[in-house]
Amino acid sequence: MKGIKKKLVAMVIMLFHAHQVYAYPEFSYYVNNHDVTLEISGPADRLTFGSVIMNTGSSTNKICSSSDLNYNLQKVVYEPVATWSGRTYQATSAHVPIPLFESGVTGFALTPMGGNIDDGPPKYFLPLYTDSKTVWSGYTENARRITNGHRVMSGLYLYKDENRFTGTTIIPQQLMYRYLCKDGNDTTQEVYNFIFNPIIINGAVTGCTPASNAVVIDMDKIAQSKIENADSSTLIGTKQSVFSLQCDPNINVFISFVDLSDPTNTSDTATLTADSTATGVGFALTGPQGKRLVFGPDGSATGVPGQQKYFIQNSGSAYSSRNNPISTTFGFSYVRKTDEAIKPGTAKAVIGLTYSYQ
Numbered sequence: 004m005k006g007i008k009k010k011l012v013a014m015v016i017m018l019f020h021a022h023q024v025y026a027y028p029e030f031s032y033y034v035n036n037h038d039v040t041l042e043i044s045g046p047a048d049r050l051t052f053g054s055v056i057m058n059t060g061s062s063t064n065k066i067c068s069s070s071d072l073n074y075n076l077q078k079v080v081y082e083p084v085a086t087w088s089g090r091t092y093q094a095t096s097a098h099v100p101i102p103l104f105e106s107g108v109t110g111f112a113l114t115p116m117g118g119n120i121d122d123g124p125p126k127y128f129l130p131l132y133t134d135s136k137t138v139w140s141g142y143t144e145n146a147r148r149i150t151n152g153h154r155v156m157s158g159l160y161l162y163k164d165e166n167r168f169t170g171t172t173i174i175p176q177q178l179m180y181r182y183l184c185k186d187g188n189d190t191t192q193e194v195y196n197f198i199f200n201p202i203i204i205n206g207a208v209t210g211c212t213p214a215s216n217a218v219v220i221d222m223d224k225i226a227q228s229k230i231e232n233a234d235s236s237t238l239i240g241t242k243q244s245v246f247s248l249q250c251d252p253n254i255n256v257f258i259s260f261v262d263l264s265d266p267t268n269t270s271d272t273a274t275l276t277a278d279s280t281a282t283g284v285g286f287a288l289t290g291p292q293g294k295r296l297v298f299g300p301d302g303s304a305t306g307v308p309g310q311q312k313y314f315i316q317n318s319g320s321a322y323s324s325r326n327n328p329i330s331t332t333f334g335f336s337y338v339r340k341t342d343e344a345i346k347p348g349t350a351k352a353v354i355g356l357t358y359s360y361q
């Protein structure tokens, strides 16, 4: 029994040793100045998607240069820490796609910029990656590493995203990314963090208040034969609905539509909800002139890629209050989906209407 106990003790000690963690020193740089305040005014959605709200400029930073360590630098690894939104902005096909990272505030996105100084322009100041990447490998012996370090450029752009910004807010401080300095055994010896300082955004924006945030359109029952014998361009059982707003003066009001059952839908036919039992039918939206309107991505900002905005009207120039009324009428119709077999049942769609105040 004693022998068994000794073996168990030895095993526990080995497990504790296996879980020891090597600690490395960490250093920090800030990609923007403290105490920055930005002023934004005018119509709430006048700023175009992808507009640069703030550019920090570029700074040269020396990393991997701690004199308290003794190692030969053989690799530098970039690691993003901020959350990538999954979206990119690309002005034209000739421009580099720009990854948009979460800022913590609706209406804005952050893009860290940088690169290796030795790569030269423009490579040393490009949008940084959304995943980990070895950005340098080679050999720099210890004394030269301490003297020269590894030089990188840093900076940050604050972009307008597709969503509306209102009021005054603070974009919070956050760690954007870091560089890991590694030796020949691929062991991290030191880490350099790059931090975004908080900025204040003062907003005095104008806009409108919709009369209702949700509208239910009860469509009439339609005989199966009426839909089955129609082509995809025929509008069936159309119902009209009026949409009204109270607006600040001098607002150009636009509207766009998103198919909430399929936000990627860019056609002119809404997708049925998952709990619908009918097939071979969809819904179409028409404007005041009877023209079918298309769906697209959501967002109130000007210039959202792939989105079609429709002009409603200008709110006028009465300055007394937010009492400039505007209204418009949209039609909702059944349409035949000729690529599906007809089956009777319930048909429902959920459509998002997004106003844009420009």
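For the sequence shown, our numbering puts the final residue at 361, and the numbers step up evenly by one.
All C-beta atoms in this analysis are idealised placements derived from N, C-alpha and C, irrespective of residue type, glycine included.
Because the structure is a prediction, the values reported are computed rather than measured.
- DSSP places Asn35 in the coil class of the three-state scheme, outside both helix and strand.
- Going by DSSP, Ile230 is part of the alpha helix (DSSP H) stretching over 227–231.
- Rounded to whole angstroms, Ala85 and Leu159 show a C-alpha spacing of 13 Å.
- The way I'd put it, the region 180–197 doesn't touch the region 121–130; fewer than three beta-carbon pairs between them come closer than 8 Å.
- Judged by DSSP in its simplified three-state form, Asn151 adopts helix.
- By the beta-carbon neighbour count (other beta carbons within 10 angstroms, threshold 16), Ile203 is exposed.
- The shortest CA-to-CA distance from Thr95 to any of Val34, Ala350, Lys340, Pro308 is the one to Pro308.
- DSSP, reduced to helix, strand and coil, places Asp121 within a helical segment of the structure shown.
- Here the region 315–322 lies against the region 235–252, with 3 or more beta-carbon pairs under 8 Å apart.
- In the DSSP annotation of this structure, the continuous segment of the beta strand (DSSP E) that includes Val138 starts and ends at 136–143.
- Of the candidates Thr143, Gly110, Tyr142, Thr59, Gly110 places its Cα closest to the Cα of Ile174.
- With 16 or more other CB atoms across the displayed protein chains lying within 10 angstroms of its CB, Glu193 is buried.
- Residues Ser44 of the same chain have their beta carbon placed closer than 6 Å to that of Ala207, with the five preceding and five following residues left out of the count.
- Per the Cβ contact rule, the region 148–164 is in contact with the region 49–59 (3 or more Cβ pairs under 8 Å).
- Contact between the region 273–286 and the region 211–219 is absent: fewer than three C-beta pairs spanning the two stretches fall below 8 Å.
- The continuous beta strand (DSSP E) containing Ser247 extends over residues 239–250.
- DSSP places Ala287 in the uninterrupted beta strand (DSSP E) bounded by 284–289.
- Every unbroken stretch of the beta strand (DSSP E) spanning 3 or more residues and falling wholly within the region 39–72 is given here in chain order: 39–46, 55–58, 62–66.
- Taking C-alpha positions only, Lys312 is separated from Arg154 by approximately 46 Å.
- Listed as beta-bridge partners of Ala112 by DSSP are Glu105, Tyr162.
- By the Cβ test, the region 336–353 is in contact with the region 262–272, since at least three Cβ pairs between them sit closer than 8 Å.
- Annotation: Glu343 is outside any beta strand (DSSP E) and is labelled neither H nor E by DSSP.
- For Tyr74, no beta strand (DSSP E) segment is defined, and its DSSP state is neither H nor E.
- Judged by DSSP secondary structure, Met179 falls within the beta strand (DSSP E) whose first and last residues are 177–185.
- Between Glu165 and Phe298 the beta-carbon gap is near 15 Å, outside 8 Å, which marks them as no contact.
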